[in-house]
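Trainee: Handing you a structure now.
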Amino acid sequence: MAFIALEDVHYTYTEGNEPPVQAIHGIDLAIEKGDRIAIVGPNGSGKSTLAKLFNALLTPVQGQVLVDGMDTADEEKIWEIRQRVGMVFQNPDNQLVATMVEEEVAFGPENLGLPPKLIRQRVQEALEMVGMEEYRNFPPHHLSGGQKQRVAIASIIAMRPQCIVFDEPTAMLDPLGRQEVLKTIEKLAGEGITIVYITHFMEEVVDTDRVIILKAGQVMLEGSPLDVFQARDIVEDADLELPDIPCLVDKLQKAGLPLSTGILTKEELVKALCALK
Ligand code: ADP
Ligand code: MG
3 MAFIALEDVH YTYTEGNEPP VQAIHGIDLA IEKGDRIAIV GPNGSGKSTL AKLFNALLTP
63 VQGQVLVDGM DTADEEKIWE IRQRVGMVFQ NPDNQLVATM VEEEVAFGPE NLGLPPKLIR
123 QRVQEALEMV GMEEYRNFPP HHLSGGQKQR VAIASIIAMR PQCIVFDEPT AMLDPLGRQE
183 VLKTIEKLAG EGITIVYITH FMEEVVDTDR VIILKAGQVM LEGSPLDVFQ ARDIVEDADL
243 ELPDIPCLVD KLQKAGLPLS TGILTKEELV KALCALK
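Take the sequence shown: its position 225, counted from the start at 1, is 227 in our numbering, and no numbers get skipped.
And the structure:
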C-alpha cells in the first residue's frame, strides 16, 4: 500500500453561519516513500486544504486518508501520523515560537519524550542538515526569512519524519531565501525523505518526479514535469504560467530551430543550442 493513500477524499469547510465551502471534491492519490511530488494550482484551488488532509490537521468529510496504513480519522493515531508527516508553512514567522534557534528545534524531540542526550544529538543533526548550526544561539527574529524557514525545516527534521509537506515555503522569501530553501529541500530529497511540495511557481516543479495540477478542488492532471509542460491547455485553464525555459523552447521551435521538447532547464537548453550545427 502507498505511504499516503487518498481515496475519494472530499472536504467542506462549515464555519459559523457562513455558507459551506466545498474545497476538495473527490481526490484519489497515492504517494510512495521517497517520492518527490509537486502540487500546483491557482489561489483557492484547495492546495493548503489538501496539505492539511495529509497529516490529519483536517480529516475528510467523505472518503479516507491513510498514512502508513493509519486512518487520519482515527484520533488515537494522530500523533503517530504527525510524526511521520511534518509540515512547513508559508510564513516562517508563524512557525517559530522559541527565543533561541536551538530551543525551537528541540521542541519536537522534547514532546516525543526523548532523553536529553538524544535531543541534543537530534538538534545538532537537524541544524547541520539545513546549514544553520552557527546560529544555534540566535533569537529567530534576528534571522532572514530564508534562515527562519530553514530553522522551521530543522524543527521538523528533528522529529525524523518520513515525509515533509511544504506549503508554498518560498512564497514570502526574497530570491536568496528562496534559493536557500530550495537547496535544503534538494538535500532532504537526497536523504530519501518523501517530499510533497506545494507551489504556484511553475519553474519550481522541474526537479520533481510527479506534478499534480489542482483546480477547484479537483486533480486536473497528474504526470511528469514534461507531461505538464506539454499540456498547455490544462496549464492555462488552471491560470498557471509555463516556466520561462519551456516557453522559450516552444518559441525557438516555432521559429524553426530543431530543439527537442524534453528541454526543461537552462543547462539543458544551453547544451542543446551548442549542439546545433
Ligand atoms: P489554496 O491553498 O490553493 O489557495 P485553500 O485550500 O486555502 O486553497 O482554499 C480552498 C478553498 O477553501 C477556497 O475557496 C478557500 O476560500 C476556502 N477556505 C480555505 N480555508 C477556509 C476556512 N478556514 N473557512 C472557510 N473556507 C476556507
Ligand atoms: Mg494555500
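All residues carry an ideal CB built from backbone N, CA and C; glycine is no exception. Treat the numbers as computed from the prediction; the structure is a model and nothing was measured.
Report yes or no: do the segment 101 to 114 and the segment 22 to 37 share at least 3 C-beta pairs separated by less than 8 Å?
Mentor: Flag = no, the segment 101 to 114 and the segment 22 to 37 do not touch.
Trainee: Are Y281 and F168 closer than 9 Å when you measure CB to CB?
Mentor: For the chain, the structure presents residues 3 to 279; residue 281 sits outside this window and is missing.
Trainee: Counting only beta-carbon atoms, is D229 nearer than 9 Å to chain D?
Mentor: In summary, chain D is missing from the structure at hand, where a single protein chain is found.
Trainee: Is it the case that the CB of K353 approaches a heavy atom of ligand 1 more closely than 8 Å?
Mentor: The structure shown does not extend to residue 353, since the chain is modelled only from 3 to 279, so the question has no answer here.
Trainee: Between N45 and ligand 2, is there a pair consisting of the residue's CB and a ligand heavy atom that are separated by less than 8 Å?
Mentor: Under cutoff, so the answer is yes.
Trainee: Nearer than 8 Å: is that true of the beta carbon of A25 relative to any heavy atom of ligand 4?
Mentor: This structure lacks ligand 4; the ligands present are ligand 1 and ligand 2.
Trainee: Taking contact to mean 3 or more Cβ pairs, one atom from each stretch, closer than 8 Å, check whether the segment 222 to 236 and the segment 262 to 276 are in contact.
Mentor: With a cut-off of 8 Å, the segment 262 to 276 and the segment 222 to 236 count as touching, because enough Cβ pairs lie within range.
Trainee: Which runs of the alpha helix (DSSP H) spanning at least 4 residues fall entirely within the segment 139 to 172, listed in chain order?
Mentor: Fully enclosed alpha helix (DSSP H) runs of 4 or longer: 147 to 159.
Trainee: I need the straight-line Cα distance from V132 to R38, nearest angstrom please.
Mentor: In a straight line, the C-alpha of V132 is about 18 Å away from that of R38.
Trainee: T51 by DSSP, collapsed to three states: which one?
Mentor: Reduced to three states, the DSSP call for T51 is helix.
Trainee: Can you check whether the CB of L271 is closer than 9 Å to the CB of V251?
Mentor: Closer than 9 Å, so yes.
Trainee: I83 and N113 - do their beta-carbons sit closer together than 9 Å?
Mentor: Their beta carbons are not under 9 Å apart, which means N113 does not touch I83 by this criterion.
Trainee: Could you pull out every residue in the same chain whose Cβ sits closer than 8 Å to the Cβ of D211, ignoring the five residues on either side in sequence?
Mentor: So the list reads D37, R38, I39 and S226, once near-sequence residues are dropped.
Trainee: Excluding sequence positions up to five away, which residues of its chain have a Cβ less than 7 Å from the Cβ of F109?
Mentor: If we look at F109 and ignore the five residues flanking it on each side, its Cβ neighbours are A100 and S157.
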